[in-house]
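Residue numbers (the working numbering): 1 to 597. From the three backbone atoms N, C-alpha and C, an ideal C-beta is built for every residue, glycine too. These notes are about the structure you will find just below.
Okay, structure coming up:
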């Protein structure tokens, strides 16, 4: 695609200069500066990128959702697709051409109009630039062409029918800014093009890596200006530090709490807790032989793990229910497929005969059969590295259990707890044997399944395009079938078959589905819209609803975030009408993030 738009980085560059001019960071002092209603959010996970083409961490994508609008997004009410940049969409009779009507009157924060050409640029950049495919490349693999015949019309032609076309979780960026970006991997792309220019409910105004991301309310946001004037994402090394900050009124919202922290916060004056139905699964990666897209080996994984018998034996050596009870305090559900139980239409659970149950005897027998007998000391010729995050309570505590369980079947495991970014770098490069990981999913299963396909293998080492370096023709066949099946019941069955295949091959072992534990300062904030309504999360949503619709203390919840009373429910109800017009099945959508999103 030819790129001819003029360079328009001046406003962003000025904002970046302001960022660099600010002195040392102090969360408590930061929280006290600036006028208006400031919502302070604690981050206990590092930000990998603010560049939306690269951002994979849940923290990063959560921030990106504030700054750039999507064609459609899951509703606050029930996660069904609802209008965003696109006001409506429809498929051709052969389901190969999708036409989106783009909302008129929207403007980027520098005054330029938001048009269909921006959406076409975004998708074409992902299609044509391998470096821009890291976060969302799987969405466009089936695209034949993306065009904008006029400012109000976007046309996407696909090679085969694609079931996720009303659930493209891709932030749309301004062409006049991003067309000047030559190298997507340039570290400057996390600052210069992202600071200042957006069209979401908030605009990124300041970024200090591992310290602070500051956003200002967008006064011209199409849904109306938020009641939150400023949004601050403040980094903490661990959940203990974040909880202390909440108690000291230095932050307003925290998540990823341990059961102990959550229980201790219940009943405290000025603090409200929230236990939600989760959209994340937590797994143990078991390196199946990392390779790139050319099927050349990468990384330094133990070659013994290429044998599915060894991977299955490792799974049988573990007791996830103990982790749920002892580490999670019972705040999780036993794992199975890679679509969490909170999305029942596509969730798969192994039958009693299929489940890789905790069974040390079976694990020992499988390891013997695979050619790794125990020596006189009871240990096998197998030494594995267990990678985890030093900042994460789960990794800290679960690693001791895993090391013990593996030792009981003769496998020596050494735990390596490092920074979030080092975990990401090493797993992306295949430099691990075992690693704690996890992904945030959404109602449509296409994205999380796509991350497990051969086509998701990285072009070069270091990309996060593949979840677990899984490449299996049988799984790929099932994925291709489900991704083109528009009958929801038939598609759901194919999705479940694909999960069953993944489970049997164990490139990772799903340990549990989180019940996210959160808390907020209810003396400063009356309420936050949850997703889905009533039972869902505040942080790490598949949208921007909670922060955009937050209601400050002393104000009525009616009209929160610029919306009239009842509009939050109406967004979900309206989405059903749009879907009926499109003639597609309800409840389609993705995205990857725990850790990854």
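Specify, as a first and last residue, the run of the beta strand (DSSP E) that residue 405 falls within. Indexing the chain shown from 1 puts residue 405 at position 405. Looking at the DSSP string, residue 405 is not in any beta strand (DSSP E); the run it does join, the alpha helix (DSSP H), is 393-408.
Measure the alpha-carbon distance for residue 205 versus residue 117 and round it to whole angstroms. On the chain shown, position 205 is the one that residue 205 refers to. On the chain shown, position 117 is the one that residue 117 refers to. C-alpha separation (whole angstroms): 25 Å.
Start-end ranges of the alpha helix (DSSP H) lying completely within the stretch 220-279, minimum 4 residues: 239-247, 259-265
If I measure Cβ to Cβ from residue 529 and keep anything under 7 Å in the same chain, skipping five residues before and after, which residues do I get? Looking up residue 529 in the chain shown gives position 529. Correct list, in chain order: 76, 545, 546, 549, 568.
Okay, do the stretch 236-254 and the stretch 460-471 touch, 3+ Cβ pairs below 8 Å being the bar? no
What span of residues does the beta strand (DSSP E) with residue 668 cover, start to end? Not covered by the structure: residue 668. The range shown for the chain is 1 to 597.
Just to check my reading of the structure: residue 317 and residue 360 have Cβ atoms closer than 8 Å, yes? What is that Cβ distance to the nearest angstrom? For the purposes of this step, residue 317 is taken as residue 317 along the chain shown, with counting starting at 1. For the purposes of this step, residue 360 is taken as residue 360 along the chain shown, with counting starting at 1. About 6 Å separates the two Cβ atoms, so the contact holds.
Length-filtered (3 minimum) beta strand (DSSP E) runs lying within the stretch 320-390: Fully contained in the stretch 320-390 are the following beta strand (DSSP E) runs of length 3 or more, in chain order: 332-334, 383-389.
Does DSSP put residue 416 in a helix, a strand or coil? Indexing the chain shown from 1 puts residue 416 at position 416. The answer is strand: DSSP assigns residue 416 an E or B state.
Mark residue 210 as exposed unless 16 or more other C-beta atoms lie within 10 angstroms of its C-beta, in which case mark it buried. As a working mapping, residue 210 is identified with position 210 in the chain shown. Per the 10 Å Cβ criterion, exposed.
Simplified DSSP state of residue 301, which is helix, strand or coil: For this step, residue 301 is matched to residue 301 along the chain shown. Three-state result, residue 301: coil.
What are the boundary residues of the alpha helix (DSSP H) that includes residue 504? As a working mapping, residue 504 is identified with position 504 in the chain shown. Here the alpha helix (DSSP H) through residue 504 covers 488-505.
Report the residue from 234, 174, 331 whose alpha carbon sits nearest the alpha carbon of residue 47. For the purposes of this step, residue 47 is taken as the residue at position 47 of the chain shown. Looking at the Cα atoms, 234 is the closest of the given residues.
Give every residue of the same chain whose Cβ lies closer than 8 Å to the Cβ of residue 378, excluding the five residues on either side of it in the sequence, and list them in chain order. On the chain shown, position 378 is the one that residue 378 refers to. Counting only Cβ-Cβ distances below 8 Å, and skipping sequence neighbours, we find 410.
Residue 59 vs residue 72 beta-carbon contact at 8 Å: Residue 59 sits at position 59 when you count from the first residue of the chain shown. Residue 72 sits at position 72 when you count from the first residue of the chain shown. No, Cβ-Cβ distance for residue 59 and residue 72 is not below 8 Å.
Using the C-alpha atoms, what's the distance from residue 62 back to residue 362? Sequence index remark: in the chain shown, residue 362 carries index 362 (1-based). Sequence index remark: in the chain shown, residue 62 carries index 62 (1-based). Cα to Cα, the separation comes out at about 42 Å.
Output needed for residue 466: all residues of its chain with C-beta closer than 7 Å, excluding positions within five of it in sequence on either side, in chain order. Counting from 1 along the chain shown, the entry for residue 466 is found at position 466. So the list reads 451, 456, 457, 458, once near-sequence residues are dropped.
When you compare each of 256, 273, 106 to residue 603 by their alpha carbons, which one comes out closest? Absent from the structure is residue 603, since the part of the chain shown begins at 1 and ends at 597.
For the beta strand (DSSP E) containing residue 446, name the first residue and the last one. Position 446 of the chain shown, counted from the first residue, corresponds to residue 446. It is not in any beta strand (DSSP E) - residue 446 instead sits in the alpha helix (DSSP H) that spans 446-450.
With a threshold of 8 Å between beta-carbons, can residue 83 be considered close to chain C, or not? Of the chains in the structure shown, none is chain C; there is only one protein chain.
Between the Cα of residue 351 and those of 497, 173, 94, 543, spot the shortest distance and give me the residue it belongs to. Numbered from 1 along the chain shown, position 351 holds the residue referred to as residue 351. Measuring from the Cα of residue 351, the nearest candidate turns out to be 497.
Select from 120, 460, 483, 552 the residue whose C-alpha is nearest the C-alpha of residue 149. For the purposes of this step, residue 149 is identified with residue 149 of the chain shown, where counting begins at 1. The shortest Cα separation from residue 149 among 120, 460, 483, 552 belongs to 120.
In chain order, what residues of the same chain have a beta carbon less than 8 Å from the beta carbon of residue 481, not counting five sequence neighbours either side? Residue mapping note: residue 481 aligns to position 481 of the chain shown, counting from 1. Contacts found: 494.
Every unbroken beta strand (DSSP E) inside the stretch 73-99 [3 residues or more]: 81-83, 86-91
Contacts around residue 137, its chain only, beta-carbon distance under 7 Å, and the 5 residues preceding and following it disregarded: The residue labelled residue 137 in the question sits at position 137 within the chain shown. Excluding sequence neighbours, residue 137 sits near 126, 465.
Identify whether residue 159 lies in helix, strand or coil by the three-state DSSP scheme. Taking the first residue of the chain shown as position 1, residue 159 is located at position 159. In the structure shown, residue 159 sits in coil (DSSP, three-state: anything other than H, G, I, E or B).
Does DSSP put residue 178 in a helix, in a strand, or in coil? The count along the chain shown starts at 1 and reaches residue 178 at position 178. Looking at residue 178 - three-state DSSP - the assignment turns out to be helix.
Cβ of residue 195 versus every heavy atom of the ligand MN: is any distance shorter than 7 Å? As for the ligand MN, it is missing from this structure, which has no ligand bound.
Between 157, 165, 173, which lies nearest to residue 69 when the distance is taken from Cα to Cα? Numbered from its first residue, the chain shown carries residue 69 at position 69. Closest option to residue 69, Cα to Cα, is 173.
Can you pull the DSSP bridge partners for residue 426? The residue you call residue 426 lines up with position 426 of the chain shown. None, per the DSSP bridge assignment.
Is the beta carbon of residue 44 closer than 8 Å to that of residue 238? Translated into positions along the chain shown, residue 238 becomes position 238. Translated into positions along the chain shown, residue 44 becomes position 44. Against a cut-off of 8 Å, the Cβ pair of residue 44 and residue 238 comes out as a contact.
For residue 242, the nearest candidate out of 322, 391, 203 (CA to CA): As a working note, residue 242 is residue 242 in the chain shown. Nearest option by C-alpha distance: 391.
So for residue 440, helix, strand or coil by DSSP? Position 440 of the chain shown, counting from 1, holds the residue named residue 440. Three-state DSSP puts residue 440 in a strand.
For residue 150, write down the residues that DSSP places opposite it in a beta bridge. As a first step, residue 150 must be located in the chain shown, where it is residue number 150. Residue pairing by DSSP places residue 150 opposite 153 in a beta bridge.
Have a look at 435, 439, 413 and flag the residue whose alpha-carbon is nearest the alpha-carbon of residue 598. Lying outside 1 to 597, the shown extent of the chain, residue 598 is not represented and no answer is given.
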